[in-house]
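Protein chains in written order, with the UniProt record's numbering: chain A, 1 to 195; chain B, 1 to 195; chain C, 1 to 195; chain D, 1 to 195. To start, the structure under review is shown below, and the notes come after it.
Protein chains: 4
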Amino acid sequence: MDSAAGKAAPRKRADARRNEQTLLDAAAAAFLASGVDVPVRDIAAQAGVGVGTIYRHFPTRADLVVAVYRHQVEACAEAGPALLASGGSPHAALARWIDLFVDFLVTKHGLAEALQSDDAAFQSLHAYFLNRLVPVCARLLETAAAAGEVRPEVHAYELMRGVGNLCIGAGRDPRYDARRLVGLLIEGLRPTREE
Amino acid sequence: MDSAAGKAAPRKRADARRNEQTLLDAAAAAFLASGVDVPVRDIAAQAGVGVGTIYRHFPTRADLVVAVYRHQVEACAEAGPALLASGGSPHAALARWIDLFVDFLVTKHGLAEALQSDDAAFQSLHAYFLNRLVPVCARLLETAAAAGEVRPEVHAYELMRGVGNLCIGAGRDPRYDARRLVGLLIEGLRPTREE
Amino acid sequence: MDSAAGKAAPRKRADARRNEQTLLDAAAAAFLASGVDVPVRDIAAQAGVGVGTIYRHFPTRADLVVAVYRHQVEACAEAGPALLASGGSPHAALARWIDLFVDFLVTKHGLAEALQSDDAAFQSLHAYFLNRLVPVCARLLETAAAAGEVRPEVHAYELMRGVGNLCIGAGRDPRYDARRLVGLLIEGLRPTREE
Amino acid sequence: MDSAAGKAAPRKRADARRNEQTLLDAAAAAFLASGVDVPVRDIAAQAGVGVGTIYRHFPTRADLVVAVYRHQVEACAEAGPALLASGGSPHAALARWIDLFVDFLVTKHGLAEALQSDDAAFQSLHAYFLNRLVPVCARLLETAAAAGEVRPEVHAYELMRGVGNLCIGAGRDPRYDARRLVGLLIEGLRPTREE
DNA sequence: AATGAATGAGAGTTCATTCAT
DNA sequence: CATGAATGAACTCTCATTCAT
Chain A
1 MDSAAGKAAP
11 RKRADARRNE
21 QTLLDAAAAA
31 FLASGVDVPV
41 RDIAAQAGVG
51 VGTIYRHFPT
61 RADLVVAVYR
71 HQVEACAEAG
81 PALLASGGSP
91 HAALARWIDL
101 FVDFLVTKHG
111 LAEALQSDDA
121 AFQSLHAYFL
131 NRLVPVCARL
141 LETAAAAGEV
151 RPEVHAYELM
161 RGVGNLCIGA
171 GRDPRYDARR
181 LVGLLIEGLR
191 PTREE
Chain B
1 MDSAAGKAAP
11 RKRADARRNE
21 QTLLDAAAAA
31 FLASGVDVPV
41 RDIAAQAGVG
51 VGTIYRHFPT
61 RADLVVAVYR
71 HQVEACAEAG
81 PALLASGGSP
91 HAALARWIDL
101 FVDFLVTKHG
111 LAEALQSDDA
121 AFQSLHAYFL
131 NRLVPVCARL
141 LETAAAAGEV
151 RPEVHAYELM
161 RGVGNLCIGA
171 GRDPRYDARR
181 LVGLLIEGLR
191 PTREE
Chain C
1 MDSAAGKAAP
11 RKRADARRNE
21 QTLLDAAAAA
31 FLASGVDVPV
41 RDIAAQAGVG
51 VGTIYRHFPT
61 RADLVVAVYR
71 HQVEACAEAG
81 PALLASGGSP
91 HAALARWIDL
101 FVDFLVTKHG
111 LAEALQSDDA
121 AFQSLHAYFL
131 NRLVPVCARL
141 LETAAAAGEV
151 RPEVHAYELM
161 RGVGNLCIGA
171 GRDPRYDARR
181 LVGLLIEGLR
191 PTREE
Chain D
1 MDSAAGKAAP
11 RKRADARRNE
21 QTLLDAAAAA
31 FLASGVDVPV
41 RDIAAQAGVG
51 VGTIYRHFPT
61 RADLVVAVYR
71 HQVEACAEAG
81 PALLASGGSP
91 HAALARWIDL
101 FVDFLVTKHG
111 LAEALQSDDA
121 AFQSLHAYFL
131 NRLVPVCARL
141 LETAAAAGEV
151 RPEVHAYELM
161 RGVGNLCIGA
171 GRDPRYDARR
181 LVGLLIEGLR
191 PTREE
């Protein structure tokens, strides 16, 4: 499209590009510092631009969040098939993939909360995550289920929301290790053996 | 005292009591209808009193939430020893107790969220729950661990926060069954058997 | 108490009353100075109160405008029947009533504009004026038409809007005498005599 | 149309012309659709140019409005002497001329409002209309006054503003017939006959 | 000469909390 | 003691206008 090494961009996109990058960097910093609910003004100030600029580039807050984290989400999505193909047991692949997902969530202050929120501003964020990652997770689950390594009754959506929930507030409290609990949850997915 | 015909008598105690009860009822109703984040004004309106009255009785929102749910929290706390004494396996006792806790959380719109929030207004709510229920849970965990039925590395605080997190948003989405996930988490607590 | 002239108002309304009056005075002043579109904040500042106070008393801008001018609108409405009963010709009564209406409009900076605006914020203002004054005007027109002193094809609504329109911008420009034009319009209402 | 192959030729003049015409067409369309207050951006989008281009060609909104309607204003201006010369009574000539003016105003959504507004952006529009049309109207009025067919005390400026005002909002409300009221106003210009 | 990205003032609105009555 | 009016900070969103490319 933008062709090969991508050059076709019409003239002065270079500037806008750079500016957008500045915006994304500032937003990322602001999200880290104050969570994804940080006031738009703060991000603008951080970036040294006017609020209008942010609204131009990202009409809704969710658009901004998506843009900030798109690469990492993509990476997470692509890791699913790779892990399945890498030769370990399906349950192990699932566990590792979930681990990547947790990595992502726990390092993003407030992202897990936003994913659960039914706030209108985050509906598109919600949709983006679901559309991109649920199928990946579903594939992992199905494979593991087919191999008899996880119970069949849990669906990808439910599992991901559960993991997302477990990550809420992680990192704010040393007594709470989200990753450990997620590990237990994944362990609990195994079919019960007879006593 | 305030019975009979008494008017000038020191009737205030009874009056205040009744008033406080009205408040608690109204708050309970408002919490159910709109979650624990419901505007203070709405609760006041529901109770037919001024907002000032609420602030007088319950300086912080958390105080109000605590008061509303104190009975149920108490019941939950007392159920712990009872379950342990009732003869089942320690793991089963733990599972049943967690179930009670989930019952409580999922029927209280927004309570799970409030428990995780680090909002200053909820700090006392936080403390109350922790002080009352963590020891109970810890006792159950220890007993089960001593019997070799759960891994020893999980602490009560962590487990309860995990369960609380899993309950966030429960009931708002038919595709998400918090109780099932909690069940998996509890199942995951069991020590790994050799393959 | 608030007894005396007997006014069942419950207790401390006295204060709120006074405050509301302050608000109305400030709003009237602000309307005069900057028109009825003056920002809510400015009115609040003028009155020395917070913006919230204005929203509490008058949820919409139109409510405020109505309140400010209600007395004068009432007076105008009541003058209609009085003029009819006062013995002059019906056309003269109509002319004098329109004059009162013009008095009102031209002394209120921007009110005439607001009456024409289809801005949602003014819909209730619109309705108030129409409901109150159109019937009064209609009565005057009918009487004059029955006496053969005005053409029958003009309706009260149309006439009032026409007069309102003529008053737009009156007082801002010494070369424009709205009252004279209104006079011509009313004169033009007379049936044509044969040449 | 970009014609032949010419690229480096001194095409700018033609280019600029065409561009300006595109702008005027787009503005006319936008004015019709949303009134003369339509956001500058919308016009630019309609024309397929940047907002800067509009500002370059027409520094103020009024300049744009003037340009869009210049032809019709010219036509209106030229019709005055023609009507006077066409042999009818001076009052009839005035009436017909006013009719042309109304034609113009009522077909231009929001133009009448803009003419009255004291918004700085419309000062030049104001001036243009006045400079061009007031003398024409004055001539018609004087002629009719000299013939004893209209009262002498009304000035052209006043009359035109009155007519303009009566046209505000015309077409938006079926109960309001601006043309009828204008007709009454013009009729009211006749000197009073003795009773 | 054209572009459209950036600016930033300003409007409306909400609600936790205080305090005079 | 109860009341609820008042406060005002905080937030979102919209454009007219400027200016670097």
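C-beta: ideal position from N, C-alpha, C; glycine also.
Worksheet item: When DSSP labels each residue in this structure, what does residue 37 (chain B) get in the three-state scheme?
Response: In this structure, residue 37 (chain B) counts as coil in the three-state DSSP scheme.
Worksheet item: Going along chain A in order, which residues have a C-beta closer than 7 Å to the C-beta of residue 162 (chain B)?
Response: The answer, in chain order, is 166 and 181.
Item to complete: Determine the direct distance from the alpha carbon of residue 173 (chain C) to that of residue 120 (chain D), and round the result to whole angstroms.
Response: Whole-angstrom Cα-Cα distance: 15 Å.
Item to complete: Indicate whether residue 166 (chain C) and residue 181 (chain C) have their beta-carbon atoms separated by less than 8 Å.
Response: Yes; because the gap between Cβ atoms is below 8 Å, this pair is in contact.
Worksheet item: Ordered along the chain, which non-local residues of its own chain (more than five positions away) have a Cβ less than 6 Å from that of residue 28 (chain B)?
Response: Sequence-distant partners of residue 28 (chain B) (beyond 5 residues in either direction) whose C-beta falls short of 6 Å from its own C-beta, in its chain, are 68.
Worksheet item: Can the beta-carbon of residue 139 (chain D) be found closer than 8 Å to that of residue 80 (chain D)?
Response: Using a Cβ distance threshold of 8 Å, residue 139 (chain D) and residue 80 (chain D) count as a contacting pair.
Item to complete: Could you tell me whether the Cβ atoms of residue 24 (chain B) and residue 65 (chain B) are closer together than 8 Å?
Response: No, the Cβ-Cβ distance between residue 24 (chain B) and residue 65 (chain B) is not below 8 Å.
Discussion item. Measuring only the C-alpha atoms, how far is residue 58 (chain D) from residue 105 (chain D)?
Written reply: If I take the Cα positions, the gap works out to 22 Å.
Fill in: Local Cβ density within 10 Å of residue 117 (chain C), reported as buried at 16 or more and exposed below that
Under this definition residue 117 (chain C) is a buried residue.
Practice prompt. List the residues of chain C whose Cβ lies closer than 8 Å to the Cβ of residue 185 (chain D), in chain order.
Written response: Those are 181, 184, 185 and 188, listed as they occur along chain C.
Worksheet item: Taking DSSP as the reference, what is the three-state secondary structure of residue 137 (chain D)?
Response: In the structure shown, residue 137 (chain D) sits in a helix (DSSP, three-state: H, G or I).
Worksheet item: Going by the beta-carbon positions, is the gap between residue 156 (chain D) and residue 102 (chain D) smaller than 8 Å?
Response: In this structure, residue 102 (chain D) does not lie closer than 8 Å to residue 156 (chain D) by Cβ.
Discussion item. Below 8 Å on C-beta distance, what does residue 157 (chain B) contact in chain A?
Written reply: Correct list: 175 and 176.
Worksheet item: Does the separation of the CB atoms of residue 37 (chain D) and residue 110 (chain D) fall below 8 Å?
Response: The answer is yes: Cβ separation under 8 Å.
Worksheet entry | Where residue 197 (chain B) falls: helix, strand or coil (DSSP) | The structure shown does not extend to residue 197 (chain B), since chain B spans only 1 to 195, so no value can be given for it.
Practice prompt. Measure from the alpha carbon of residue 132 (chain C) to the alpha carbon of each residue in C:40, C:183, C:17 and C:75, then state which is nearest.
Written response: Among C:40, C:183, C:17 and C:75, the Cα nearest to that of residue 132 (chain C) belongs to C:75.
Discussion item. By the 9 Å beta-carbon criterion, what residues does the UniProt domain "HTH tetR-type" (17-76) of chain A contribute toward chain B?
Written reply: Those residues of the UniProt domain "HTH tetR-type" (17-76) of chain A that come within reach of chain B (Cβ to Cβ, closer than 9 Å) do not exist; the list is empty.
Worksheet item: Roughly how many angstroms lie between the CA atoms of residue 53 (chain A) and residue 21 (chain A), to the nearest whole one?
Response: Taking the straight line from one Cα to the other gives about 12 Å.
Fill in: Backbone secondary structure at residue 147 (chain C) - three-state DSSP
The answer is coil: DSSP assigns residue 147 (chain C) none of H, G, I, E or B.
Item to complete: Kindly indicate which three-state DSSP category residue 182 (chain B) falls into: helix, strand or coil?
Response: Residue 182 (chain B): helix per DSSP, three-state reduction.
Worksheet item: Can you tell me whether residue 55 (chain C) is buried or exposed, with buried defined as 16 or more other CB within 10 angstroms of its CB?
Response: Counting Cβ neighbours within 10 Å, residue 55 (chain C) comes out exposed, since fewer than 16 surround it.
Item to complete: Run the CB neighbour count on residue 41 (chain C), radius 10 Å, all protein chains shown included, and call it buried at 16 or more, exposed below.
Response: With fewer than 16 Cβ atoms within 10 Å of its Cβ, residue 41 (chain C) is classed as exposed.
Worksheet entry | Contact list for residue 172 (chain D) against chain C, beta-carbon separation under 8 Å | Per Cβ cutoff of 8 Å: 118.
Practice prompt. Determine the DSSP secondary structure at residue 177 (chain D), reduced to helix, strand or coil.
Written response: Looking at residue 177 (chain D) - three-state DSSP - the assignment turns out to be coil, as it is neither helix nor strand.
Fill in: 8 Å Cβ cut-off: residues of chain B touching residue 87 (chain A)
Those do not exist, as residue 87 (chain A) stays about 17 Å from chain B at its closest Cβ, beyond 8 Å.
Discussion item. Looking at residue 26 (chain D): is its Cβ nearer than 8 Å to the Cβ of residue 46 (chain D)?
Written reply: Yes, the Cβ-Cβ distance between residue 26 (chain D) and residue 46 (chain D) is below 8 Å.
Worksheet item: Buried or exposed: which applies to residue 44 (chain D), given that a residue is buried once 16 or more other Cβ atoms fall within 10 Å of its Cβ?
Response: Flag for residue 44 (chain D) reads buried.
Fill in: Buried versus exposed call for residue 127 (chain D) [16 or more other C-beta atoms within 10 Å across all chains shown]
The residue is exposed, with fewer than 16 neighbouring Cβ atoms inside 10 Å.
Worksheet item: Would a check of beta-carbon distances place residue 191 (chain C) closer than 8 Å to chain D?
Response: No, its Cβ sits nowhere closer than 8 Å to a Cβ of chain D.
Discussion item. According to DSSP, is residue 158 (chain A) part of a helix, a strand, or is it coil?
Written reply: Residue state, collapsed to three classes: helix.
Worksheet item: List, in order along the chain, the chain C residues whose C-beta lies closer than 7 Å to that of residue 136 (chain D)?
Response: Residues of chain C whose Cβ lies closer than 7 Å to the Cβ of residue 136 (chain D) do not exist; the shortest such Cβ separation is about 17 Å.
Fill in: residue 168 (chain A) Cβ short of 7 Å to the ligand GDP heavy atom set
Only the bare structure without any ligand can be found here, which leaves the ligand GDP out of the picture.
Worksheet entry | Alpha carbon of residue 195 (chain B) to alpha carbon of residue 149 (chain A), nearest angstrom | In this prediction, residue 195 (chain B) has a pLDDT of 49, which is less than 50 and means its spatial position is unreliable; nothing more can be read from the coordinates.
Worksheet item: In terms of residues, what are the limits of the alpha helix (DSSP H) holding residue 93 (chain B)?
Response: Counted as a single uninterrupted DSSP element, the alpha helix (DSSP H) harbouring residue 93 (chain B) occupies residues 90-107.
Worksheet item: Which residues mark the beginning and the end of the alpha helix (DSSP H) in which residue 53 (chain B) is found?
Response: Taken as a continuous stretch (DSSP letters only), the alpha helix (DSSP H) holding residue 53 (chain B) covers 51-57.
Worksheet item: Under three-state DSSP, which class holds residue 187 (chain C)?
Response: The DSSP-derived three-state label of residue 187 (chain C) is helix.
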